[in-house]
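For reference, the structure discussed in these notes is given below.
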Amino acid sequence: MTPATGPEPWPQTMAGSFDLDACAREPIHIPGSIQPHGHLLALEPDGLRLIRASAEAGPVLNRPLDEAFGQPIDRLIDADGMTSLVRRLRAAPAEPVQLDILHLRGGSDHQAIAHRSGGLVILELEDLEATGVGTLEALYPQMREGIRRMQAAHDFETLLTCTAEEVRSLTGFDRVLIYRFDEQWNGTVIAEDGNGRLPSYRGLRFPASDIPEQARRLYALNRLRLITDARYRPVPILSADRAAEGVAEPLDLSFSVLRSVSPVHLEYMRNMGTPASMSISVMDGERLWGLISCHHAEPRQVSFAIRTACDLLGQVLSSQMIALERAEDADHRIRSKSIQARLLAHMAAAERFIDGLAEDGEDLLSLVNADGAAILFDGDCRLIGHTPPQTVVEAIGAELAGQGIKDLFASHQLPVEMQAAAGMDASASGLLAISISQLHPSYLLWFRPEIVRSIEWAGDPNKPVDDSGRLSPRNSFETWKETVRGQSLPWRHGEIEAAGDFRNAIVSIVLRKAEEMAALNEELRRSNGELAAFSYSVSHDLRAPFRHVSSYAELLRSRAADKLSDRERHYLDSIIEAASSAGTLVDGLLHFSQLGRATLARVEVDVARLVEEVRNLLEPDLRGRNVHWTVHPLPTVTGDPTMLRLVVQNLLSNAIKYSRDRAEPEIEIGCRSTAEAHQFYVRDNGRGFDMAYAGKLFGVFQRLHREEEFEGIGIGLANVRRIVERHGGRVWAEGELDHGATFHFSLPRSAAAESR
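Letter by letter, the sequence shown follows residues 131 to 886 in our numbering.
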């Protein structure tokens, strides 16, 4: 009989000292031994013959181990209910399952627990010495009430506190901690329930080295772990000497409830003053979220039924956390979608989408809870809120482009990760960036300032060497404070998700606008070609016939007027008038088409002087009328003076014309200036118009009054709109029938014009 193959003896660097690097590499799932509060039997699956056994299993087999190997289990254990046990062993699953409580005829009782490991069935017999309630049925009333309390919790703090209380109530441990891992696998105690026998660790952080990576893997596989006494002596697992038994491979005890513990971890427990511990894994999907960690000031054994109940509470905690997180994420998603919709609406309405994006800075910052934002697009840089200087922002954008960031980048310690942000802790310790163009290195950046934090560790995490120079687990868990600088609040998953969604929407808008602009440019080129051809046709094919009709009708009237009756002369006059009117329409249409193709000669234009010149030009239309003029101070703008003169002339001419039936006509000219544009207006107290038809005002040949009332061909306001839009502005009007009208037009502000 030989010990089963297991790991090498614990690696040491000097007499009695542990190698912690080797600790991180230790194959703890194949320790080759178990804890002494039970027995382990490894059975061949077909005949359930004994292949391996823990060294102290002889008493439950009623014979020495040498004689037991190779025998079927039902011949080895003398207990009631063996037929049922054998049947259930043949159906043992991969994870431990509670079978029967075996009442050995020798007098001792054991809890039978079974699972499969590789090609073997593992039967573990736990001692039932004062272990408390032995079945889940007996625990059900208490479990039901605990689960009800947990499911009634509507926030994380209440849920975690309730869980800690319920687990301690079930197990009787002195202290129950709920321990959450961060991204670096440091763990923080975020909830606790205790009776005062052990010190409180609430709020303390434990370094990732306290639970190495291979231990975390086992916690994720086997959700429950009990260590009854940290001072125990491990019991080796033995096997027969014969090679035919197939015992060359180490026995994988990943799911064993009795699996022996790493010597370093046992020393860690003794240093902490907790001889007994139990841990329950809390999972977030496939990821280990944290642990429910139970401690006792003296050795303590807990029944498998109670452990199973605690495992169930851990699963309820996982599901409730996911439900609360999903509800919180849903609220955040709804809020961010609402903000995103407003931002996209501004972008869609703006001539340049970045103007719309920067229009509502508060929403832009609220989308991801940032303190500052910057938009880098097509050589333009817009800063919003608390940001680094423009030169630094542009350098950060260049570094993102140099790193090939084409979607999303997030950091809560940017000055450490990016050279361009060095020294920018106060404004740019955190950065969330999205690329907003698939063609050019353009970015939307959100910034967060430094948050100076004080972290309380359970002992100094940086000192694995004790006073004698011996490498060992930490032997002090007194609070050790660390001040962390150069970091912002981390970006939450929901914030990063909102930024990613917004990026997709922006890129879609940019691409769609580019496609629309390409299509519009193509349509515009085609339309301009057709318009040029039409203008030629008008000038050469239409004007000549109208001129001929008018000329011959005039000739006929001069030569044969005395031979025509009054009715015939009326017909002739109507022909002449119609031909003349048609010629005027053709001339107006030709002029309208030329306005769209003529090159703008932009210079500085004094609008006040322009208005005065137009008023003098229109003086003949004012004879016999007493018009009251109000002309407010008007700015200088940049534009084509000839075209702007035509705008002013059309608007003033209309105001004079449509107010001529007023006893006291009034015309007001003014301007309201904003940071982006000058907004001019011409107001009169004339005939006005019905706002229901305002959309027709600026169309070609559109009239809202009969020609018998007011002369004109309906093309003047169409000319106004075309000229203003070519200058980058817009036109609109307000009016009320018989209560006057106000015509507005805006022109973008120019740095050159403002310098005067």
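We put the beta carbon where it would ideally sit given N, CA and C, even for glycine. Predicted, not measured: the structure shown is a model, and the values here were computed from it.
- Minimum Cα-Cα distance from A822 among the listed residues I705, E864 and A807 corresponds to E864.
- Ranking L255, R775, L619 and D508 by CA distance to the CA of L748 puts R775 first.
- Residue ranges of uninterrupted beta strand (DSSP E) with 3 or more members, entirely inside the stretch 171-209 and ordered along the chain, are 180-184.
- Under the 8 Å Cβ criterion, the stretch 382-395 does not count as touching the stretch 461-476, having fewer than three qualifying pairs.
- Check the Cα spacing between G333 and each of F199, G211 and L307: the tightest is with L307.
- Here P545 is not bridged, per DSSP, to any residue.
- Per DSSP, the unbroken beta strand (DSSP E) holding V251 starts and ends at L250 to D257.
- M413: member of the beta strand (DSSP E) spanning A406 to D414, first to last residue.
- Taken atom to atom, the span from the alpha-carbon of R430 to that of I410 is near 16 Å.
- Assignment of Q228 by DSSP, reduced to helix, strand and coil, places it in the strand class.
- Straight across, the Cα-Cα distance linking E529 with Q549 is about 8 Å.
- Approximately 15 Å separates the beta-carbon atoms of I564 and L544; this is outside 8 Å, ruling out the contact.
- Rounded to the nearest angstrom, the gap between the Cα atoms of P571 and G532 is 9 Å.
- Spanning the alpha carbons of E743 and V812 requires a straight line of approximately 16 Å.
- Rounded to whole angstroms, F873 and D814 show a C-alpha spacing of 9 Å.
- Secondary structure note for A244: its beta strand (DSSP E) is the uninterrupted segment D239 to S247.
- Taking 9 Å as the cut-off, the Cβ atoms of I164 and P364 count as close.
- One thing to note: T301 has its Cβ within 9 Å of the Cβ of M408.
- For the pair W419 and L495, the CB atoms are not nearer than the 9 Å cut-off.
- In the structure shown, the three-state DSSP call for D751 is helix.
- Relative to the Cα of A209, the nearest Cα in the group D820, D239, L356 and L229 belongs to D239.
- The Cβ-Cβ distance between R305 and D441 does not fall below 9 Å.
- Between I452 and A488, the CB-CB gap reaches or exceeds 9 Å.
- Counted as a single uninterrupted DSSP element, the stretch harbouring V498 is not any beta strand (DSSP E), since DSSP gives it neither H nor E.
- DSSP places V735 within a strand segment (E or B) once states are collapsed to three.
- Secondary structure of Y811 (DSSP, three-state): strand.
- Here D555 carries a helix assignment [DSSP, helix/strand/coil].
- DSSP places T293 inside the alpha helix (DSSP H), whose first and last residues are F286 to T301.
- For a cut-off of 8 Å, the C-beta gap from A185 to L191 is around 12 Å, too long to register as a contact.
- In the displayed model, E428 falls within coil according to three-state DSSP, outside both helix and strand.
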